[in-house]
Amino acid sequence: MGSTAHSTSDDPALTVDFVAEQATDEFQNLRKRHRSFVFPLAIGFLLWYFAYVLLADYAHDFMSTKVWGSINIGLILGLLQFVSTFGITTWYVSYANRKLDPAAEKIRSRLEGPLTKEEAAK
Amino acid sequence: MSALAAVPQLVPMAGLGAQMKDTAWVNILIFGLFVAITLVVVFRASRNNKTAADYYAAGRSFTGPQNGTAIAGDYLSAASFLGICGAIAINGYDGFLYSVGFLVAWLVALLLVAELLRNTGKFTMADVLSFRLKQRPVRIAAATTTLMVCFFYLLAQMAGAGGLVSLLLGLDSKDKLGQAVVIAVVGALMIVYVLIGGMKGTTWVQIIKAMLLIAGAAVMTFIVLAMHGFNLSTLLDAAVTKAGDGGAALLSPGKAYGATGTSKLDFISLALALVLGTAALPHVLMRFYTVPTAKEARRSVVWAIWLIGIFYLFTLVLGYGAGALIGSKEILAAPGGVNAAAPLLAFVIGGPVLLGFISAVAFATILAVVAGLTITAAASFAHDIYTNVIAKGEVNPKAEVKVARRTVVVIGIVAIGGGILANGQNVAFLVALAFAVAASANLPTILYSLFWKRFTTQGALWSMYGGLALAIILIAFSPVVSGNAKAMIPGADFAWFPLANPGLVSIPAAFVLGWLGTVLDKTKESRTLQAEMEVRSLTGVGAEKATPH
């Protein structure tokens, strides 16, 4: 790469016909796999977070309902935000490892393949 | 974050505060040790700083776990440690709401930004935003928003440093000269770290600081829980009892934001800025370039999420612990006010040694965060403005790094001067403003250029400049700048915007502007570059590799 993101002169990617590559079923599948997972999940966690924010902001009595000792619904929902964040993280990583990385790796080695061997020979 | 606002100017020396003052030398000693160790590490790290990729991106040689720890070190500023502990101790549940927003925000980075950015960029946010749009205008806009966010964040940290001095080093809170000296020392140390160590040195400082901070908080959390039979409910009861009349309000939402309809809206505005701003903070984005692959970028975020999440769970215990063992009256009376909650708690449960450790960590925190901001701003100026705009790409990397290094010195001096001038001013809103500017000026363009094929240069410019201008104009006419006793300029009143955070208006507006600018744009962007960016972002073809040493 040159000093700008545009100039790809010393880059193996230059020889790639990206428009044709983008149109391949293989790439379109990867794109769909990625988007159909991250978009719903992103919308989902944002809705869940703002539901929590609105409850904390406007439903004080509900949030103050004590459940166990002095631990109330507000605290439990807040801690559940932590749990869901950790959970979504783990879920995404496992999905990416299983479904995204192998497909991406396949395309990358197909496009960069010759150069990688050349580099290995050096 | 707003907790930093509460550093009072004239506070009577309370009992605990005075006792803490006697052992200030322990704090200085431990902090000196931290500086000595990190300086050695920075010097060693600097040996391999040869190329631009070494200086800006640490040769892309950090592992995911290392970078994740550094991200935590970069992100957990003094505001989130001292500020959130204090906010929970004083305002109870509403302080906890900050932590939730600060953590959840990382999912935006994990799911939508980190890996794609790593695959398409080189050193800065502008690399990604200008990838398939018109280079010059988009780069200038992206560098402008980067520099603005860094400036606001940096100023808040430096001004806060002055306020913390009185608390941690036992200086008189009226001793403005002493505080100015400490701000200058912090700034000078920061310049040394960044100048010599570059991104590698900065990263190690952040890693060391993150480990110390999390370990210190873990020890304190364990002690506080042990004192309350490892029962959170018992701890909450103790905090309520200590608070006396009306103490039960500590456990319910609304103590800080529930007063009026406006304050409730204000909270939504803040929540929006926190959750959407994090993944668009330039100093966070730049960290993703320090790892060799997109997969390592993903691992970085995962590590960061776990470390930051666990840390915020500690602050919940520490905040209520400070409420239970010290009480809000004594906290507010101590030098440093709300920010004193965590250091006071350390003193009460662990004596001068734990206090010294926590104080030194708080200082190290400021140092690590300003170092991260400075290298980001310097990289953006040298790489985006100097090389790609002024010299039109005709610069060798050595000259570019030279410019970056000079920029570091200039930014350091500006930060010291700004910090001294802003010391004692009520500038805590600057951190919230930095998040709001990042969410309004950066995030829409990042998401549109990664995911929306049709997006054009005009859309990017409208969204970035529109979001930036709206956020700054609205904050200038908000109650944090004028119109009341707690404002930055209490004497004047030109506040017509009712909210303290502009996010609620500026973030949706910036998204709409990006869309509007695009659909009204008759020119089409390069089809080839769009295809290249999309293929590269998802597969990592042609992504910048680690530099071999």
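Protein chains in written order, with this note's numbering: chain V, 1 to 122; chain B, 1001 to 1549. In this text, a Cβ means the ideal position worked out from N, Cα and C, and glycines have one as well.
DSSP places V67(V) inside the beta strand (DSSP E), whose first and last residues are 66-68. The C-beta distance from M1220(B) to I1349(B) rounds to 7 Å, short enough to meet the 8 Å contact threshold. Under the three-state reduction of DSSP, N97(V) is assigned to helix. Taking a contact as a CB-CB distance under 8 Å, the pair G1466(B) and L1513(B) counts as one, their CB atoms being some 4 Å apart. When only Cα atoms are considered, L1189(B) and K1209(B) end up about 15 Å apart. Of all alpha-carbon atoms in S1269(B), L1029(B), I1084(B), the one lying nearest the alpha-carbon of L1169(B) is that of L1029(B). The C-beta of V1108(B) comes closer than 8 Å to at least one C-beta of chain V. Against A51(V), chain B offers no close residue; the least beta-carbon distance is about 11 Å (beta-carbon pairs closer than 8 Å). Shown here for R1139(B): same chain residues with a beta carbon closer than 7 Å to its own, the five before and five after excluded, namely A1126, S1130, D1384, N1388, V1389 in chain order. If you check the CB distance, A1324(B) and V1205(B) do not come in under 8 Å.
Annotation: S1328(B) to L1272(B) spans about 29 Å, alpha carbon to alpha carbon. For T1528(B), a Cβ of chain V is located within less than 8 Å of the residue's own Cβ.
Take P1292(B), set aside five residues on each side of it, and the residues of its chain with a beta-carbon closer than 6 Å to its own are R1060, A1546, in chain order.
Residue burial annotation: I1507(B) is buried, with at least 16 other C-beta atoms found within 10 angstroms of its C-beta. Within the same chain, E1115, R1118, N1119, G1540 come within 6 Å of A1294(B) by CB-CB distance, once the 5 residues on both sides are set aside.
From the beta-carbon of D101(V), the residues of chain B found nearer than 8 Å are K1295.
By the criterion of a C-beta distance shorter than 7 Å, A1280(B) is surrounded in its chain by A1438, A1439, N1442, L1443, I1446, once the five residues flanking it on both sides are discounted. With its beta carbon less than 8 Å from one in chain V, P1253(B) belongs to the interface. Under the 8 Å criterion on CB atoms, T1539(B) is classed as interfacial with respect to chain V. With the criterion set as a beta carbon lying under 8 Å from some beta carbon of chain B, the members of the stretch 59-75 of chain V are H60, M63, S64, W68, G69, S70, I71, N72, G74, L75, in sequence order. For secondary structure counted as the beta strand (DSSP E) over 3 or more consecutive residues, the stretch 36-74 of chain V holds these complete runs in sequence order: 66-68.
Spanning the alpha carbons of D25(V) and G1121(B) requires a straight line of approximately 26 Å.
For P1282(B), the number of other beta carbons within 10 angstroms of its own is at least 16, and it is reported as buried. As the crow flies, the alpha-carbon of V1035(B) is around 51 Å from that of Q28(V). For the stretch 1214-1240 of chain B, residues whose beta-carbon sits nearer than 8 Å to a beta-carbon of chain V comprise N1231, L1232, S1233, T1234, L1236, D1237, V1240. For the stretch 29-56 of chain V, the set of residues with a beta-carbon nearer than 9 Å to any beta-carbon of chain B comprises L30, R31, H34, R35, F37, V38, F39, L41, A42, F45, L46, W48, Y49, F50, Y52, V53, L54, L55, A56, in chain order. G78(V) has a beta carbon lying within less than 8 Å of a beta carbon in chain B.
The Cβ atoms of A1322(B) and A1342(B) lie closer than 8 Å to each other. Between the stretch 96-104 of chain V and the stretch 27-41 of chain V there are three or more C-beta pairs closer than 8 Å, enough to call the two in contact. The beta-bridge partner set that DSSP reports for S1482(B) consists of I1489(B). In this model, T1456(B) and F1511(B) are separated by some 13 Å (Cα to Cα). Between A1432(B) and N1339(B) a beta carbon distance of about 16 Å is seen, past the 8 Å cut, so the two are scored as non-contacting.
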